[in-house]
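**Student:** Just dropping this structure here.
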Amino acid sequence: MRSFSLIDLVSLVEALRWTVALVVLALGFGAPLALGLAMGRISRFAGLRWIMAACIQIVQSVPLLGLLFFFYFGMPMFLGIQVPAILAVTVAYTLYTAAFLGEIWRGGLEAVKQAQWEAGACLGLSAWQQFRHIIGPQALRLSLPPTVGFLVQLIKGTSLASIIGFVELARAGQVVSAATFQPLLTYALVAAIYFALCLPLTLWSRSLEARLDGSR
Amino acid sequence: MALVEIRDVHKTFGKVEVLKGVSLDVEEGEIVTIIGRSGSGKSTLLRCINALESVDSGEIRVEGERVHAKMPDLKKFRQRVGIVFQAFNLFPHLKVERNITLAPLLTGRTEKAKARALAEDVLTRVGLADKIDAWPEQLSGGQQQRVAIARCLAMAPHLMLFDEVTSALDPELVGEVLKVMEAMAKQGMTMILVTHEMGFARNVADRIVFMHQGRVWEQGPPAKLFANPKTPELASFIASAK
């Protein structure tokens, strides 16, 4: 047994880069997918709407932990392929992000009045131009606060990757705690680091909410 | 050839037949006002003219071109036919200038360097040149509606449709919008209006079309129509509108 030292704090902060990396990966792949899902959900093709809704429903109904287990432990069992941990978590967090952000953004898109599409169409704009210049920007502003809210969830949600042995912040906390026998101090620090990461986002979200009244 | 030719148009929403065989011609430069009770089909007819609704049978031609939702040049067609709505439908996230220049820029009607001048020009025509940098929500209803008209004018349409454009306005704001429309009429714009403003219909329109139960019930020059309605339905409508 050794006492808690600066090295331990450094190892915690170092593990933070994996937490950040997981969030970046989840957003990098999940956000474009979410946009596709959201647009599919408001498509005029009923079949597409139905398929998108089903995908979202399935992913939202499975616990994030279940997704992680499925891709890390399940894939080797079902398909006989060993999936690298980084790939398994990337896929799991991507699907998780896409499903939740997709629904948030769909809500934003639907909150923009139908007449706005119509007004764009009547000026001779294409459907894409209507989306890009009229509906999208308004929906984005409506969706920003809940999007940031989800981002905070996602940051905290990356701690689940520790369960399959991923050494991000939470897992590093376990390691340090086991080495120093100072769980209280260690986990308090871990919590403080999560807090320091999420607080600015929450504050930013608040200021956005105050600044954007939804119309402009 | 009339600018707008409407031939035996039928349109059904669910089980309700809204248009039951409407035929109507509108000549270039003509101001036609459609009046009638709610549910008479007048707004639906207007929305069919720029393919916001598609007709079930019959046909509509504008400048000889058959209008329907799947026409290949729908976007080009809509650039030539402006429509102004009851609820203005300005883009709330864009300033007045951008509201006006968005479509001309995206459709290649104007270039960036000339866009602001275009906005200034059409705003001057509706008397709002000083509001070019305002947000829509900073404007009164009447001003918003005039910006909506300016937004249409920026596309230099050949035909303008007005769907009850003063119905959502406070009474004291109606006049400023009607004045703008009257000026447009004098400049020779072809206009089809659905309106409840009988005074405007009487003074500005070349022709009044009275719709009733999905049909053109009676039509003619305003003076004649208001003085001598031929049908009891129009007579009672005029009496109730006074």
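Those protein sequence lines, which keep their order, are chains A and B.
For the record, in the first sequence the residue sitting at position 128 is 128 according to my numbering, with numbers rising by one throughout.
Count along the second sequence from 1, then add 1000; that gives the number in my numbering.
Where is the CB? At the ideal position from N, CA and C, for every residue including glycine.
1. Mind listing which residues of the segment 129-148 of chain A have their C-beta closer than 8 Å to chain B's C-betas, in chain order?
2. Which same chain residues end up closer than 8 Å to valine 1122 of chain B when comparing Cβ atoms and leaving out the 5 residues on each side of it in sequence?
3. Flag this pair as touching only if the segment 197-211 of chain A and the segment 1009-1018 of chain B have three or more C-beta atom pairs under 8 Å; answer yes or no.
4. Assess, as a yes-or-no matter, whether the segment 129-137 of chain A is touched by the segment 159-171 of chain A under the definition of 3 or more beta carbon pairs within less than 8 Å.
5. Quick one: which residues of the segment 1041-1059 of chain B get their C-beta closer than 8 Å to a C-beta of chain A? List them in chain order.
6. To the nearest whole angstrom, what separates the beta carbons of glutamate 1164 of chain B and serine 1043 of chain B, a pair I think is in contact under 8 Å?
7. Is the beta carbon of isoleucine 1006 of chain B sitting closer than 7 Å to the one on valine 1032 of chain B?
8. Report all residues from its chain with a CB closer than 7 Å to the CB of threonine 1231 of chain B; omit the five preceding and five following residues, and keep chain order.
9. DSSP on phenylalanine 1034 of chain B, reduced to helix/strand/coil?
10. Give the range of the beta strand (DSSP E) segment to which valine 1009 of chain B is assigned.
11. Which partner residues does serine 1057 of chain B have in the DSSP bridge list?
12. Among the candidates A/Pro137, A/Trp50, A/Ser3 and A/Leu12, whose CA atom is the shortest distance from the CA of serine 159 of chain A?
13. Measuring CB to CB, does leucine 1105 of chain B end up less than 7 Å from alanine 1115 of chain B?
14. Pick out the complete alpha helix (DSSP H) segments inside the segment 1078-1163 of chain B, 4 residues or longer, and give them in chain order.
15. Name, please, each residue of chain A whose Cβ falls closer than 8 Å to the Cβ of glutamine 1145 of chain B.
16. With C-beta atoms as the reference, is tryptophan 105 of chain A less than 7 Å away from serine 143 of chain A?
17. Along the beta strand (DSSP E) that carries isoleucine 1192 of chain B, what are the first and last residues, could you check?
18. I need the straight-line Cα distance from valine 1084 of chain B to proline 146 of chain A, nearest angstrom please.
19. Which residue's Cα is closest to the Cα of alanine 1205 of chain B: B/Thr1190, B/Arg1215 and B/Gly1214?
20. Within the chosen definition, does the segment 1059-1073 of chain B reach the segment 1032-1041 of chain B through at least 3 CB pairs nearer than 8 Å?
21. Specify whether the segment 82-97 of chain A and the segment 24-42 of chain A touch according to this definition: at least 3 beta carbon pairs, one from each stretch, less than 8 Å apart.
22. Using a Cβ cut-off of 7 Å (strictly closer), state whether threonine 1101 of chain B contacts chain A.
23. If I'm right that leucine 169 of chain A touches tyrosine 194 of chain A with Cβ under 8 Å, what's the distance once you round it to whole angstroms?
24. Can you give me the C-alpha to C-alpha distance between leucine 1139 of chain B and arginine 171 of chain A, rounded to a whole angstrom?
25. Of all Cβ atoms in chain B, is any one closer than 7 Å to the Cβ of alanine 99 of chain A?
26. From the DSSP output, read off the bridge partner residues of lysine 1020 of chain B.
27. For my contact list, glycine 1036 of chain B and histidine 1212 of chain B are in at a C-beta cut-off of 8 Å; report their separation, rounded to the angstrom.
28. Express the C-alpha separation of valine 62 of chain A and threonine 97 of chain A in angstroms, rounding to a whole number.
29. For leucine 123 of chain A and arginine 1078 of chain B, which I take to be in contact (beta-carbon distance under 8 Å), what is that distance rounded to the nearest angstrom?
30. Just mark lysine 947 of chain B as buried or exposed, buried being the case when its beta carbon has 16 or more other beta carbons within 10 Å.
31. So, is the C-beta of isoleucine 1083 of chain B closer than 7 Å to a C-beta in chain A?
32. Taking only three categories from DSSP, how would you classify methionine 52 of chain A?
33. Round the Cβ separation of leucine 1169 of chain B and glutamine 1145 of chain B to the nearest angstrom and send it over; I've been treating them as touching at under 8 Å.
34. What is the rounded straight-line gap between the Cα of alanine 179 of chain A and the Cα of arginine 2 of chain A?
35. Drop a sphere of 10 angstroms on the beta-carbon of threonine 19 of chain A, count the other beta-carbons inside from all chains shown, and report buried for 16 or more, exposed for fewer.
36. From the beta carbon of alanine 46 of chain A, is the nearest beta carbon of chain B less than 7 Å away?
**Tutor:** Looking at the coordinates:
1. Of all residues in the segment 129-148 of chain A, only Gln129, His133, Ile134, Pro137, Gln138 and Arg141 place a beta-carbon less than 8 Å from a beta-carbon of chain B.
2. Here the set comprises Ile1100, Ala1150, Arg1151, Leu1153 and Ala1154.
3. Segments in contact, no.
4. Contact fails: fewer than three Cβ-Cβ distances are below 8 Å.
5. Those would be Asn1050 and Leu1052, in chain order.
6. Taking the Cβ atoms as the reference, glutamate 1164 of chain B lies roughly 7 Å from serine 1043 of chain B, within the contact range of under 8 Å.
7. No. Outside cutoff.
8. Within the same chain, Trp1217 and Glu1218 come within 7 Å of threonine 1231 of chain B by CB-CB distance, once the 5 residues on both sides are set aside.
9. Note on identity: in this sequence residue 1034 of chain B is isoleucine, with phenylalanine being the wrong assignment. Strand.
10. Following the DSSP letters along the chain, one finds valine 1009 of chain B inside the beta strand (DSSP E) bounded by residues 1004-1013.
11. Serine 1057 of chain B pairs with B/His1010.
12. That would be A/Leu12, whose Cα lies nearest to the Cα of serine 159 of chain A.
13. Yes, these two residues count as a Cβ contact at 7 Å.
14. The segment 1078-1163 of chain B contains these whole alpha helix (DSSP H) runs: 1096-1106, 1112-1125 and 1141-1153.
15. Within 8 Å Cβ-Cβ: nothing; glutamine 1145 of chain B doesn't reach chain A, min ~13 Å.
16. For tryptophan 105 of chain A and serine 143 of chain A, yes; Cβs fall inside 7 Å.
17. For isoleucine 1192 of chain B, the enclosing beta strand (DSSP E) covers residues 1190-1194.
18. Computed Cα separation, rounded: 34 Å.
19. Answer by Cα proximity: B/Thr1190.
20. The segment 1059-1073 of chain B, when compared against the segment 1032-1041 of chain B, does not touch it at the 8 Å Cβ threshold.
21. With the cut-off at 8 Å, the segment 82-97 of chain A and the segment 24-42 of chain A touch.
22. For threonine 1101 of chain B, the answer is no, since every Cβ of chain A falls outside 7 Å of its Cβ.
23. That belief holds up - the Cβ atoms of leucine 169 of chain A and tyrosine 194 of chain A are roughly 7 Å apart, short of 8 Å.
24. C-alpha of leucine 1139 of chain B to C-alpha of arginine 171 of chain A: approximately 56 Å in a straight line.
25. With 7 Å as the cut-off, alanine 99 of chain A does not count as an interface residue toward chain B.
26. For lysine 1020 of chain B, which the question treats as bridged, DSSP gives the partners B/His1010.
27. With 8 Å as the limit, glycine 1036 of chain B and histidine 1212 of chain B qualify as a contact, their Cβ atoms being about 6 Å apart.
28. Across the structure, threonine 97 of chain A and valine 62 of chain A are spaced so that their CA atoms are roughly 13 Å apart.
29. Leucine 123 of chain A to arginine 1078 of chain B, Cβ: 7 Å. Contact.
30. Outside the modelled stretch of chain B, which goes from 1001 to 1242, sits residue 947 of chain B, for which no answer is possible.
31. Under the Cβ distance rule, isoleucine 1083 of chain B counts among the residues neighbouring chain A, one pair being separated by less than 7 Å.
32. If DSSP states are grouped into helix, strand and coil, methionine 52 of chain A belongs with the helices.
33. Confirmed, Cβ separation roughly 7 Å.
34. Distance from the CA atom of alanine 179 of chain A to the CA atom of arginine 2 of chain A, rounded to whole angstroms, is 7 Å.
35. Threonine 19 of chain A comes out buried.
36. Chain B contact via Cβ: absent.
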